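Asker:
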Amino acid sequence: MIPLAELLRWVAEMPAPFRNGDVAAIVGDVYEGLTQSPPTPELLGAIEVAGPEQLGWCARACHVLWHPQLRDAKPATARLDRFFVEELAELASASPPDEVDRVPERAEELVRRGLRAVGVRPAGETEAQSEDRLRQVDSVERRRVLAEAEGRERRARESKEALAQKAAEEAVPKVGRE
Amino acid sequence: MTAAPAARPDDPLAVAWRAEWPKALAAWSAYTLLRDPRVFSVDIPDTMKGQLACIRLTDHVILLNADEIRARGLEAHGLAILAHEIGHHVYVPGNLTDHARHIAAMRRILSELPARVIPLAANLYADLLINDRLQRRSGVDIAAVYVRLTESRRQSGQPPGAVWSVYCRIMEYLWRLPDHTLVDPGVLDAEADGDALLCSELIRAFVGDWLRGARRFATVMCRYFVADETAQYDDPLTASGLADTRTAGQPLPGQAGRDAIPDGLVDLDDAELGDDLTPQPANRKSSGGQTRTPFEYGQLLRALGLDLDEHEITRRYYRERALPHLIPFPSRRHPRADEPLPEGEEPWAFGDSMETLDVFGSLMRSPHIIPGVTTVQRTYGESVGWDPARKPLDLDIYVDCSGSMPDPRRELSYLALAGTILALAAWRAGARVQATVWSDAQGFDTTHGFIRDEARILGLITGYISGGTAFPLHVLRDTYAARKPDAPPTHIVVISDDGADTMLQADERGRPGLELCREALRSARGGGTLVLNLPTTWPSGQPLVDLGFGLHCVTDWAALVGFARAFVRQTFT
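Top line first, the protein sequences correspond to chains U and V. Quick note: the first sequence, position 33, residue 33 per the numbering used here, numbers continuous. Quick note: the second sequence, position 223, residue 401 per the numbering used here, numbers continuous.
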């Protein structure tokens, strides 16, 4: 297990090729290095049609997974496929990839997602702690929760209007009596 | 502050719970430091009746009601309850300012509901955050407390309200409790169940940034607060004895409300507004510099339970807004400093200041201290120093608050803000200030002289009269007619718009205003400035400019703050 601080430092020192290189090639190399097998056609197809935001996230994720202490992780290929194809696409819809350089929580989120994809936890954390912390920095989940909560605003407004209406109706006979 | 009543020394609950205190602190951190809790079993304060505990953020204290704890059968849950109360001090809300911001965030959604709902909502949200942290990460069995409370409620046959039912369902989701552990069967429909699940996800998503999730929590829970109001259910937290933050922001016993006002509430924290889902540019700054209006500020302080009059609220608002703009106040170099030189002694009698009594000198005269007979005080002369001294100019400020001006109590008044900046800067520099707010000859208020009482000065500058427009020439006249030749030089500042041309009218004795202004400037010996909301020229005021008044025109009131800064640079460098 690797200390989280070490991985965050690794991310902060990301070299230029991971920011603007040939993403498909980088993904292929990292995937093969970790799984000892070439990337699946599904993965390659998804990378081919991915937009620039998702490609940016893929490149940065490759850098995380290429940490020397993760090269022997041997993750399940299905899990890794899901990470590159689904998770990073969701991340791309929630935040631009350069937030990894500017927002500490995004860097931590990327690291934790990458670790989860290869079945590793940060040093010193239990599974529950690791899961909790990922949920705290999970921008996709946060966005979903906020959107759902925002959908309740109309209902809140309607209930307050109904309460005000009821109070107004109850006040009318009182005024009449007076 | 009066001594608080306490538990009987041999109260077994107090003894047992004090033994749990170190573990409760450790549930948060090995470095948590707080005062020991106070356990009451006699003379329970009114604010605590019916409640298990309460916190006070002003002095970081935890108060426990032993009788209520026993009545609800919670004696065995000392660790959980103590750790929970600690959580209010170290996590949510943590301090008075965040407590106020929390209330403000809830108010954004719940302001149309009765005022008591807002602190209730804040308390519920805080409790969920704290309890989840303790239950899941610290291994403290908070759930057992709620199981016990649920048992009591079910035994009493008391039906739960909508808020309490959803609140309990949130806890069932958070801690994966079996269904109906806390919630009665059939009470919640699918929609309410979904809302409880959503709230549990909110709690988890915002555990590290709780203020940002407060507004969303209030949004989801709003309809349940409305349902309880409609059905006239009692406040569920108070009914359960769990309203522990109800008085969190109130002043200490014997302390004035104005001494318990937390700082930093004029500015809006963008966390109060919650997360915005629209994408933001990368260089977006937080907060956006938004501030509350004086009215909103007052509402917030009252929502904290602070009993303040409008005057105090307004004064405090402008003081806080002025502080970031404070500039060095102009001073003049005196040729030399005067240093006191002891010259001798003279009798000290009743009526003389106690500080001047020379006790040692009196004892040297006689071992018997007889006031007025053997008591003496030192006398001092002046010794010429070599270093030049700087003395600030006194400030004589006139702020227009006629009908065309904004009411500082309701909306931001840049006139009041600029006046506050100048007055505070002068006061801090050691100058004296005479402040006058004016509307017309009968409508004015003044400090009637140069004073150093900050509260009175600012209270006056932030006042409001409204009415016609006529500069109080008699105040200007009388101030300088009685001024002694050796009085410190004074700078006269008038903040107004074109209504300042009433300075040229005659006073009540028929003397021309221009003549009075000339005499005032001469007697003040520190110059004068007219700060007017006008285009760049002011033809009708040219006679005043010719007298020697500096003219500073601002095209909008916000530029007054810029004037306050420019004031020093342009006049005294």
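Glycine included, each C-beta is placed from N, C-alpha and C at the ideal position. From a predicted model like this one, the values you see are computed outputs, not experimental measurements.
1) Between which two residues does the alpha helix (DSSP H) containing S674/V stretch?
2) Which residues of the stretch 115-142 of chain U have a Cβ closer than 9 Å to any Cβ of chain V? Give them in chain order.
3) With DSSP collapsed to three states, give me the class of I320/V.
4) Using 10 angstroms around the beta-carbon of T640/V, count the other beta-carbons present and answer buried if the total reaches 16, otherwise exposed.
5) Go through its chain and collect everything with a Cβ distance to G51/U's Cβ below 8 Å, but skip five positions before and after it.
6) Any chance you could list the alpha helix (DSSP H) runs of at least 4 consecutive residues sitting entirely within the stretch 265-296 of chain V, in chain order?
7) Locate the alpha helix (DSSP H) running through D373/V, then write down its first and last residues.
8) Can you find the residues in the same chain that come closer than 7 Å, C-beta to C-beta, to T492/V, ignoring five residues on each side of it along the sequence?
9) Residues of chain V with CB closer than 8 Å to the CB of L163/U, please, in chain order.
10) Measuring only the C-alpha atoms, how far is S531/V from M226/V?
11) Please tell me whether R285/V and Q428/V are closer than 9 Å, where the distance is taken between their beta carbons.
12) Starting from the C-beta of A500/V, find all residues in its chain whose C-beta is less than 8 Å away, skip the five residues before and the five after it, and write them out in chain order.
13) Would you mind working out which of Y658/V, D485/V, L541/V, L355/V sits nearest A702/V, comparing C-alpha positions?
14) Could you give the distance in angstroms between the alpha-carbon of D371/V and the alpha-carbon of Y402/V?
15) Can you pull the DSSP bridge partners for A576/V?
16) Would you check if there are 3 or more beta carbon pairs closer than 8 Å linking the stretch 197-208 of chain V to the stretch 216-233 of chain V?
17) Once DSSP output is grouped into helix, strand and coil, what is the label at R661/V?
18) Shortest alpha-carbon distance to P431/V belongs to which of T236/V, G550/V, R331/V?
19) Pop quiz: V361/V and R347/V are said to be a contact at Cβ under 8 Å. What is the actual Cβ separation, rounded to whole angstroms?
20) Determine the DSSP secondary structure at V64/U, reduced to helix, strand or coil.
21) Tell me which residues share the same chain as R696/V and place their Cβ nearer than 7 Å to its Cβ, disregarding the 5 neighbours each side in the sequence.
22) Using a Cβ-Cβ cutoff of 9 Å, what residues of the stretch 89-115 of chain U are near chain V? List them in chain order.
23) Using the Cα positions of A527/V and D441/V, report the straight-line distance between them to the nearest angstrom.
24) Suppose contacts are defined by Cβ-Cβ distances below 9 Å. Is V671/V in contact with L593/V by that definition?
25) Would a check of beta-carbon distances place L146/U closer than 9 Å to chain V?
26) Mind checking who Y303/V pairs with in its DSSP beta bridge?
27) Excluding five sequence neighbours on each side, which residues of the same chain lie with their C-beta closer than 8 Å to the C-beta of D685/V?
28) Judging by CA-CA distance, which residue of A278/V, E290/V, A254/V, P363/V is the nearest neighbour of A322/V?
29) When we look at the beta-carbon of S37/U and count the other beta-carbons within 10 Å, is it buried (16 or more) or exposed?
30) Short check: CB of K160/U to CB of C400/V, under 9 Å?
31) Spell out whether any CB of chain U is found under 9 Å from the CB atom of M532/V.
32) Do you know offhand how far P457/V's Cα is from R143/U's?
33) Where does the unbroken beta strand (DSSP E) through P623/V begin, and where does it stop?
34) Beta-carbon within less than 7 Å of T714/V's beta-carbon, same chain only, minus the 5 sequence neighbours each way: which residues are those?
35) Looking at the structure shown, is G706/V part of a helix, part of a strand, or coil, going by DSSP?
36) How would you write the range of the alpha helix (DSSP H) that R755/V sits in, first residue to last?
Answerer: To lay it out plainly:
1) No alpha helix (DSSP H) holds S674/V; the beta strand (DSSP E) holding it covers 668-674.
2) A128, Q129, D132, R133, R135, Q136, V137, D138, E141, R142
3) coil
4) buried
5) A92
6) 274-288
7) 368-383
8) P472, P586, R587, T640
9) E290, L291, V404, E407, T408
10) 46 Å
11) no
12) L595, T598, I599, L602
13) Y658/V
14) 12 Å
15) According to the sequence shown, residue 576/V is Tyr rather than Ala. DSSP, once it has assigned bridges, lists T614/V, V672/V as partnering Y576/V.
16) no
17) coil
18) T236/V
19) 5 Å
20) helix
21) L725
22) S95, P96, D98, E99, R102, E105
23) 45 Å
24) no
25) yes
26) In DSSP, Y303/V forms no bridge with anything.
27) L651, H652, R655, G691, L694
28) A254/V
29) exposed
30) yes
31) no
32) Only weak support exists for where P457/V lies, its pLDDT of 42 falling under 50; the value from the coordinates is given anyway. When rounded, the distance between both Cα atoms is 11 Å.
33) Checking the sequence shown, residue 623/V turns out to be Asp, not Pro. Counting along the chain, the beta strand (DSSP E) containing D623/V begins and ends at 622-624.
34) C731
35) strand
36) As displayed, chain V neither begins before 179 nor continues past 751, which places residue 755/V out of reach and without an answer.
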